[in-house]
Amino acid sequence: MAQTNSFGQTSNGEADDSPNMLVYRKMEDLIARMQDEKTGIPIRTVKSFLSKIPSVFSGSDIVQWLVKNLTIEDQVEALHLGTLMAAHGYFFPISDHVLTLKDDGTFYRFQTPYFWPSNCWEPENTDYAVYLCKRTMQNKARLELADYEAESLARLQRAFARKWEFIFMQAEAQAKVDKKRDKIERKILDSQERAFWDVHRPVSVYGLQNDIRSHSPTHTPAPEAKQPTVEELQEQIKFWQAQLDRHRLKMSKVAEGLLGYTEQYADYDPFLSTPDPSNPWISDDTTFWELEASKEPTQSRVKRWGFRMDEVLKDPAGREQFLKFLESEFSSENLRFWLAVQELKRRPIREVPSRVQEIWQEFLAPGAPSAINVDSKSYDKTTQNVKDPGRYAFEDAQEHIYMLMKSDSYSRFIRSSAYQELLQAKKKVGPSTLSTKP
Amino acid sequence: MAAQEVQPSETIAKLKSESEALKTKLEEERAKLHDVELHQVAEKVDPLGQFVMKTRRTLKGHGNKVLCMDWCKDKRRIVSSSQDGKVIVWDAFTTNKEHAVTMPCTWVMACAYAPSGCAVACGGLDNKCSVYPLSLDKNENLAAKKKSVAMHTNYLSACSFTNSDMQILTSSGDGTCALWDVESGQLLQSFHGHAADVLCLDLAPSETGNTFVSGGCDKKANVWDMRSGQCIQSFETHESDINSVRYYPSGDAFASGSDDATCRLYDLRADREVAIYSKESIIFGASSVDFSLSGRLLFGGYNDYTINVWDVLKGTRVSILFGHENRVSTLRVSPDGTAFCSGSWDHTLRVWA
């Protein structure tokens with residue numbers, strides 16, 4: 000563990016690649032740009048009633064700068080980003096403990112890099128105690144403790160009663176150093192130190208600001224990667240060689256594929272085309288869901304079966320129609336085999352061996368009642384697999400049958416009068432079919 | 000220290016450079032087929048209109064950060080889990096809570112609804128994935144019927160049922176993914192290859208699907224063969240942890256969301272990254288991504304409390320949604336694409352349409 004100094008600051012010299020550090024660095028890049036002499040935010044000293052307010056800019060200055068320099072279309076977005084940066088303490092309102100950004104004339108000041116979150120600050124309560132104690136020693140109206148700070152100080156005095164003398168001494172020493180500074184410099188440093196504590200000891204208990212820096216247990220730093228072994232490297236080399244042998248498609252072809260798919264399904268995408276009659280979440284009317292759940296498929300649902308075979312296989316009504324069509328041709332064994340193997344893979348492992356035998360007997364064994372036609376290679380492999388049956392015993396055979404159905408049965412189904420009639424919505428589907436129109 | 004076997008360091012160095020050389024060659028081969036950009040081809044596609052996406056339901060009830068959620072196949076129920084160990088099943092349409100379980104651990108980072116709608120799975124810092132059958136009897140104590148299925152050696156980051164209530168796929172902080180038989184708790188297959196925590200996974204949507212994709216803290220997205228346990232494709236272009244992976248609806252591509260503040264699209268047939276979704280003004284990490292039904296829109300939940308909606312083909316951002324008051328930690332589109340649900344560290348879930 001890295002040592003902490005008296006402020007609880009870890010001295011992590013190496014660049015930390017943790018996700019939080021990534022964000023800090025990006026914000027700090029923005030801050031650097033904001034502070035640029037030519038292209039940054041104009042920082043000025045404002046004359047107030049009795050004194051000068053050094054080194055400030057307004058909230059709307061920040062918003063305008065973000066809109067202009069990050070090409071943000073909407074002020075709301077710029078305000079939101081600015082608020083997050085303020086919550087991290089990169090700039091702060093000079094007259095308020097609450098670290099948000101307002102799009103108006105409210106004055107803000109930049110935080111000094113010393114106090115930036117990327118320095119991995121973890122200040123202790125003793126540090127806070129020293130700070131609050133120091134504040135009470137300096138006779139300035141602007142340094143008077145707010146109510147919540149006074150309460151915190153009282154609590155800390157009770158908690159650290161035994162070492163309060165030590166805390167007092169540290170506070171005294173710090174106050175002494177501060178007195179020696181230039182008046183304007185002190186004003187700025189005091190406000191920056193206060194802003195630091197606004198981040199680490201925020202005013203409100205409903206401290207969303209606390210969560211800003213909250214860590215998920217998943218993002219703990221990874222341990223040192225060990226040196227790979229000879230075997231691991233050989234595996235890696237095998238992997239890269241297999242990847243090199245892969246057949247790749249040209250980007251132009253792939254892009255057309257993506258465009259084509261998206262276009263085909265655009266009518267079915269509720270975010271692109273309003274569902275018929277309405278989107279239940281918007282209208283509070285569940286008719287759309289009732290129609291989709293009905294065993295009588297809508298015309299648009301039937302149309303979808305024509306896109307690709309998977310759409311027929313996915314939809315229970317589609318499977319039913321497909322099966323019915325094949326049965327009428329006395330060629331349903333392929334589909335039944337395919338469905339049986341899908342079902343096999345959904346079973347608990349305990350039931351697999353017996354089910355494998357059943358499927359073998361029904362579809363593949365010599366003299367099987369629903370014999371399917373598989374290429375000899377797949378047949379031999381399957382024969383072997385069945386001897387030591389696992390969930391993937393029929394994988395090769397199933398793949399072969401799937402390709403067969405896709406190129407033969409499926410296209411016949413789509414061209415069939417049964418399907419075409421459904422598509423034209425001439426005939427209703429369902430067991431209670433009344434007599435069709437003459 | 001390395002084991003005290005006689006491993007000549009020259010052999011290791013030689014193998015290392017051979018591996019690096021092959022990797023470089025692979026990148027060159029991949030780049031050769033890059034004859035055009037996706038957004039260039041997409042110029043001929045009609046631009047999207049203005050979207051009016053609003054919060055249609057707000058689910059309040061969790062007492063702490065919401066970490067994960069999943070939809071039921073009935074398109075209206077969801078399960079959600081949070082930092083304080085609570086797992087809640089809601090009818091999101093009515094916003095009624097239907098079941099609640101308190102897990103014996105905190106940070107329940109993963110939860111999933113079973114395809115039958117009769118059970119939910121969840122896990123987190125307990126390193127396990129447990130299945131709870133959902134009883135119709137409101138008085139029944141769900142916790143009593145709990146079944147421990149998966150055992151990892153570090154936190155559970157994600158879980159998903161396959162097409163059946165009988166198998167669960169898990170990913171873990173121990174760097175592995177695993178496939179389990181729910182009834183017996185037996186490990187059916189394990190998947191090794193990530194060099195650090197695995198944070199997310201998604202099953203391929205195909206009917207013949209035997210593959211899934213995972214993303215991890217090693218910045219890699221790996222595609223796996225469930226049957227053999229082998230990694231069949233790997234992509235490493237992100238600059239930080241990959242928090243979320245999701246297949247494009249056709250199964251030919253997948254999107255990822257990362258702490259590097261970008262989302263990316265990888266195509267499996269082109270074998271490369273084909274789009275980056277990023278903006279100068281987006282500097283906080285993307286925690287979760289999902290596609291709309293047609294694949295035209297990509298929804299991303301971010302650590303800056305917002306949801307950005309991207310035009311997948313043109314690469315532009317079409318909308319930014321405000322509403323959550325803390326990080327968006329999880330986001331899923333409903334099974335029929337009529338809405339998407341986001342969960343946040345602000346303790347709430349929102350359904351948007």
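Each protein sequence line maps, in turn, to chains U and A. Taken in order, the first sequence gives residues 0 to 437; the numbers are from numbering that gives the first Met the number 0. Taken in order, the second sequence gives residues 0 to 352; the numbers are from numbering that gives the first Met the number 0. For each residue, glycine too, the CB sits at the ideal point set by N, CA and C.
What are the start and end residues of the alpha helix (DSSP H) that includes residue i?
| i | result |
| --- | --- |
| F287/U | T286 to A292 |
| F106/U | Note, F106/U: premise wrong, no alpha helix (DSSP H); beta strand (DSSP E) at F106 to F109. |
| D60/U | G58 to N68 |
| S189/A | Run containing S189/A: none in the alpha helix (DSSP H); it sits in the beta strand (DSSP E), L186 to H191. |
| W120/U | Neither: W120/U is in no alpha helix (DSSP H) and is coded neither H nor E. |
| Y154/A | Segment: none, Y154/A is in no alpha helix (DSSP H) and carries neither H nor E. |
| M168/U | W163 to K178 |
| N333/U | E332 to K344 |
| N384/U | S375 to K386 |
| R326/A | Here R326/A belongs to no alpha helix (DSSP H), and DSSP marks it neither H nor E. |
What are the residues that DSSP puts in a beta bridge with residue i?
| i | result |
| --- | --- |
| E272/A | Y265/A |
| H246/U | BP columns for H246/U are empty, so no partner. |
| L183/U | It is Ile, not Leu, that sits at residue 183/U in the sequence shown. Answer is none; I183/U lacks a bridge partner. |
| D180/A | Q166/A |
| G259/U | Bridge partners of G259/U: none, in fact. |
| F211/A | L202/A and W223/A |
| A285/A | Y301/A |
| N95/A | D90/A |
| G62/A | For G62/A, which the question treats as bridged, DSSP gives no partner whatsoever. |
Counting only Cβ pairs nearer than 7 Å, list the residues of chain A close to residue i.
| i | result |
| --- | --- |
| G256/U | D251 |
| A265/U | S293 and R295 |
| T439/U | The first residue shown for chain U is 0 and the last is 437, placing residue 439/U beyond what the model contains. |
| K251/U | Going by the sequence as given, residue 251/U is Ser instead of Lys. Under the 7 Å cutoff, chain A gives D34, V35 and V40. |
In the DSSP assignment, find the unbroken beta strand (DSSP E) run with residue i in it and report its ends.
| i | result |
| --- | --- |
| K46/U | R43 to K46 |
| S94/U | Note, S94/U: premise wrong, no beta strand (DSSP E); not H, not E. |
| V22/U | Not the beta strand (DSSP E): V22/U falls in the alpha helix (DSSP H), residues P18 to M33. |
| V308/A | I306 to D310 |
| V350/A | T347 to W351 |
| Y246/A | I241 to Y246 |
| K127/A | K127 to P132 |
| I231/A | C230 to F234 |
What residues of chain U sit near residue i, judged by a beta carbon separation below 7 Å?
| i | result |
| --- | --- |
| M165/A | R345, R346 and P347 |
| S18/A | L232, Q235, I236 and W239 |
| S277/A | By Cβ distance, chain U contributes nothing, its closest Cβ being about 12 Å from S277/A, past 7 Å. |
| E206/A | D309, L312 and K313 |
| V350/A | W280 |
| G172/A | T217 |
Closer than 9 Å by beta-carbon distance: list the chain U residues that pair up with residue i, in chain order.
| i | result |
| --- | --- |
| V88/A | Going along chain U, no residue has its Cβ under 9 Å from V88/A, so there is no contact; the nearest lies around 18 Å. |
| A269/A | R247, L248, K249, M250, K252, V253 and A254 |
Given that residue i touches chain U, what residues does it touch there, using C-beta distances under 8 Å?
| i | result |
| --- | --- |
| R29/A | R247 |
| E182/A | P347, I348 and R349 |
| I282/A | V22, K25, M26, L29 and L80 |
Can you pull the chain A neighbours of residue i, defined as C-beta to C-beta under 8 Å?
| i | result |
| --- | --- |
| F238/U | C230 and S233 |
Since residue i and residue j are thought to touch, with beta carbons under 8 Å apart, how far apart are those beta carbons, to the nearest angstrom?
| i | j | result |
| --- | --- | --- |
| T57/A | T347/A | 6 Å |
| F290/A | A254/A | 7 Å |
| L258/U | V44/A | 6 Å |
| T99/U | T82/U | 5 Å |
| S213/A | V244/A | 7 Å |
| D454/U | L292/A | In this structure chain U extends from 0 to 437, so residue 454/U is not present and cannot be described. |
| A111/A | S159/A | 5 Å |
| C128/A | I77/A | With a Cβ gap of about 18 Å, C128/A and I77/A do not count as contacting. |
What does residue i touch in chain A if you count any residue whose Cβ is under 9 Å from its own?
| i | result |
| --- | --- |
| N118/U | Per Cβ cutoff of 9 Å: no residues; N118/U is ~19 Å from chain A at best. |
| N138/U | Under the 9 Å cutoff, chain A gives no residues; its nearest Cβ is about 40 Å from N138/U. |
| L83/U | I282, F283, D303 and Y304 |
- Touch check for the region 375-386 of chain U and the region 201-213 of chain A: three-plus C-beta pairs under 8 Å? no
- Do the region 40-59 of chain U and the region 147-157 of chain U make contact, defined as three or more Cβ pairs closer than 8 Å? no
- Message: Quick test of the definition: if touching needs 3 or more C-beta pairs under 8 Å, does the region 279-286 of chain U touch the region 318-330 of chain A?
- Response: no
- Item | the region 128-140 of chain U contacting the region 76-96 of chain U, beta-carbon criterion three pairs below 8 Å | no
- Message: Can you confirm whether the region 405-413 of chain U touches the region 302-321 of chain U when touching is taken to mean that 3 or more C-beta pairs between the two stretches lie within less than 8 Å?
- Response: yes
- Would you say the region 365-372 of chain U touches the region 332-343 of chain U, given that touching needs at least three Cβ pairs under 8 Å? yes
- Query: Between the region 80-94 of chain A and the region 52-66 of chain A, do three or more beta carbon pairs fall short of 8 Å?
  - Reply: yes
- Touching by the beta-carbon criterion (3+ pairs, under 8 Å), the region 265-274 of chain A and the region 29-37 of chain A: yes
- Query: Is it a yes or a no for the region 295-305 of chain A touching the region 92-108 of chain U, going by three-plus beta-carbon pairs under 8 Å?
  - Reply: no
- Item | Cβ pair count under 8 Å reaching 3, the region 317-325 of chain U against the region 135-155 of chain A | no
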